[in-house]
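S.K.:
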Amino acid sequence: MYVYAGNDHIAAVTDKIDADIHNHLMLQISISFHDEFNISVAEKQFACKGIIISSNTNHTFYSNQDAQIFFLIDNTSVIEEQLNQKYLRGQSYYVFDDESINLIRCLLLQYYPILDKENYLTFYTLLLQVLQISTDVNTAMDERITSLLSLITTCTNPEHNLEVMAKSVFLSQSRLSHLFRKETGMRLSSYIVLHKLQKAMFYIFSGKSITEAANMAGFDSSSHFAAVCKKTLGMSARELSEDSVFLKVTTY
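Residue 112 in full-length UniProt numbering sits at position 112 of the sequence shown, and the numbers go up by one each step.
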């Protein structure tokens, strides 16, 4: 399994997705490399080549041993908002048409295996263009948010206290939360959860035990990390760590 940890999403390529009923806190995009996969969602069972599933929607997934690429996108991000407006439109899922699937598979054939950050970001940008999702970002980001992002990214302390963060950039907690959403397109609380999850994944792939990784990343316990991992990704920490390659592809 290849795992990619971005600013507002986590992506993975695997042929091991066989999941009983579960849901995610994040919107999911799944696309097969070759064949159809079997899925059950919104009390319907069918086979398809690619699908978008809204956050907190129960579903089962069976890959039929075909490689898949899937994206879990933070449900407070501007990317998720656009996907909801363009495709889901209040529905729990959307099945991609063959034209979109063929375009995405061409990108996969061109870039896979993706082994470095630059190629991943190029692939991800092109994918969003195929889906007609805007990739415009706020290049003139507020200096206070830039400073905070740098602080979070380079932190070695497992504690992530919002009050301390707000004081570090001379803002109230409510003002910081509002400004962060405006500048990055996602909630600060969601970003911190993703940050902690990515840190734990990095520690696991660096050889730490699940318990050590959970503590070092700021989770209350290994069971807390396991619960967040399962709820966010739909797979256990142990499943995630087996035979996986981890690549951090954040841009801030």
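Ideal Cβ placement from N, Cα and C applies to all residues, glycine included.
1) Do Lys-117 and Val-249 have their beta-carbon atoms positioned less than 7 Å apart in this structure?
2) Whole-angstrom Cβ separation of Ser-77 and Asp-15, contact assumed at under 8 Å?
3) In chain order, what residues of the same chain lie with their CB nearer than 6 Å to the CB of Ala-5, ignoring the 5 residues before and after it?
4) Using only alpha-carbon positions, find the residue among Gln-45, Phe-225 and Asp-142 that is nearest to Asn-58.
5) Could you give the distance in angstroms between the alpha-carbon of Ser-190 and the alpha-carbon of Ser-177?
6) Does the Cβ-Cβ distance between Asn-119 and Tyr-112 come in under 7 Å?
7) Can you list, in chain order, the stretches of the alpha helix (DSSP H) that have 4 or more residues and sit fully within the region 22 to 101?
8) So, do the region 203 to 221 and the region 162 to 173 have three or more beta carbon pairs nearer to each other than 8 Å?
9) Would you mind reading off the limits of the beta strand (DSSP E) that contains Thr-146?
10) What does the alpha-carbon distance come out to for the pair Leu-179 and Ala-11?
11) Is the beta carbon of Thr-135 sitting closer than 7 Å to the one on Leu-128?
12) May I ask you to verify whether the region 81 to 95 touches the region 37 to 54, counting CB pairs closer than 8 Å and requiring at least 3?
13) Check each candidate in Ile-204, Phe-61 and Glu-36 and name the one with the smallest Cα separation from Ile-101.
14) Could you tell me the boundaries of the alpha helix (DSSP H) in which Leu-176 lies?
15) In its own chain, which residues sit with a C-beta less than 8 Å from the C-beta of Val-193, not counting the 5 before and 5 after it?
16) Between Glu-80 and the rest of its own chain, which residues show a CB-CB distance below 7 Å, the 5 nearest in sequence each way excluded?
17) Since residue 259 sits in a beta bridge, which residues does DSSP pair it with?
18) What are the boundary residues of the beta strand (DSSP E) that includes Ile-210?
19) Going straight from the alpha carbon of Leu-162 to that of Ile-152, what length do you get?
20) Roughly how many angstroms separate the alpha carbons of Ser-209 and Glu-99, rounded to a whole number?
21) Compute the distance between the beta-carbons of Ala-226 and Ala-217, then report whether it is under 7 Å.
M.R.: On the basis of the supplied data:
1) Along the sequence shown, one-based indexing puts residue 249 at 249. Along the sequence shown, one-based indexing puts residue 117 at 117. Their beta carbons are under 7 Å apart, which means Val-249 touches Lys-117 by this criterion.
2) Within the sequence shown, numbered from 1, the residue matching residue 77 stands at position 77. Within the sequence shown, numbered from 1, the residue matching residue 15 stands at position 15. That pair is no contact at about 27 Å.
3) Reading the sequence shown from its first residue, position 5 is the one you call residue 5. Once the five neighbours on either side are set aside, the close Cβ partners of Ala-5 are Gln-198 and Lys-248.
4) In the sequence shown, the residue the question calls residue 58 occupies position 58. Comparing Cα positions, the closest option is Gln-45.
5) By 1-based counting over the sequence shown, the position of residue 190 is 190. By 1-based counting over the sequence shown, the position of residue 177 is 177. So the two alpha carbons sit approximately 11 Å from each other.
6) As a position in the sequence shown, residue 119 is number 119, starting the count at 1. As a position in the sequence shown, residue 112 is number 112, starting the count at 1. Their beta carbons are not under 7 Å apart, which means Asn-119 does not touch Tyr-112 by this criterion.
7) 78 to 83
8) no
9) The sequence position of residue 146 within the sequence shown is 146, counting from 1. Unbroken run through Thr-146 is the alpha helix (DSSP H), 143 to 154; no beta strand (DSSP E).
10) Looking up residue 179 in the sequence shown gives position 179. Looking up residue 11 in the sequence shown gives position 11. Using only the alpha carbons, I get a separation of about 27 Å.
11) One-based indexing of the sequence shown puts residue 135 at position 135. One-based indexing of the sequence shown puts residue 128 at position 128. A contact, by the Cβ cut-off of 7 Å.
12) yes
13) Position 101 of the sequence shown, counted from the start, is the residue given in the question as residue 101. The residue with the shortest Cα to Cα distance from Ile-101 is Glu-36.
14) Counting from one through the sequence shown, the residue named residue 176 turns up at place 176. Looking at the DSSP string, the run of the alpha helix (DSSP H) that includes Leu-176 is 173 to 184.
15) Your numbering for residue 193 matches position 193 in the sequence shown. Around Val-193: Val-228 and Thr-232.
16) By one-based count along the sequence shown, residue 80 stands at place 80. Within the same chain, Glu-80 has close Cβ partners Leu-27, Ile-73 and Asp-74.
17) This structure leaves residue 259 out entirely; the chain is present only between 1 and 252.
18) Residue mapping note: residue 210 aligns to position 210 of the sequence shown, counting from 1. Element bounds for Ile-210: not the beta strand (DSSP E) but the alpha helix (DSSP H), 210 to 217.
19) Position 162 of the sequence shown, counted from the first residue, corresponds to residue 162. Position 152 of the sequence shown, counted from the first residue, corresponds to residue 152. One C-alpha to the other measures close to 11 Å.
20) For this step, residue 209 is matched to residue 209 along the sequence shown. For this step, residue 99 is matched to residue 99 along the sequence shown. Going from the Cα of Ser-209 to the Cα of Glu-99 covers about 44 Å.
21) Residue mapping note: residue 226 aligns to position 226 of the sequence shown, counting from 1. Residue mapping note: residue 217 aligns to position 217 of the sequence shown, counting from 1. Contact: no.
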